[in-house]
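S.K.:
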């Protein structure tokens, strides 16, 4: 897979991606967020770093998707997102969050 890398403005996320080689995971996550949430008004990347540097598995990279999709559409899209990124290295860090907007 070779998806374009979205802009990463958070220096902590940039460092974490570099340290753990997660650029492909972030690019794939952003691509699939756009694909499975087609009515999204915005997709933001939030980073929740681990409490300790020696426990990177506690980190979360959240794709905050803002759209007016129904709950059923959202659940289906989240399921498709998770299935699509399953084989991407580092995918366990990625989480799709949906925020309803009118």
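Numbering (the numbering used here), first residue to last: 4 to 105.
Cβ coordinates follow ideal geometry from the N, Cα and C atoms, glycine included.
Terminal residues of the continuous alpha helix (DSSP H) containing residue 63?
M.R.: From DSSP, residue 63 is part of no alpha helix (DSSP H) but of the beta strand (DSSP E) over 63-70.
S.K.: Which residue spans inside the stretch 4-70 form an unbroken alpha helix (DSSP H) run of at least 4?
M.R.: 14-23 and 26-39
S.K.: For residue 84, report the span of its alpha helix (DSSP H) as first-last.
M.R.: 74-88
S.K.: I'd like to know whether the C-beta atoms of residue 50 and residue 19 end up nearer to each other than 8 Å.
M.R.: yes
S.K.: If you measure between the beta carbons of residue 34 and residue 68, is that distance less than 8 Å?
M.R.: No, Cβ-Cβ distance for residue 34 and residue 68 is not below 8 Å.
S.K.: Are residue 48 and residue 11 close, meaning C-beta to C-beta below 8 Å?
M.R.: yes
S.K.: Can you list, in chain order, the residues of its chain with a C-beta nearer than 6 Å to that of residue 65? Leave out the 5 residues immediately preceding and following it.
M.R.: 49, 98 and 100
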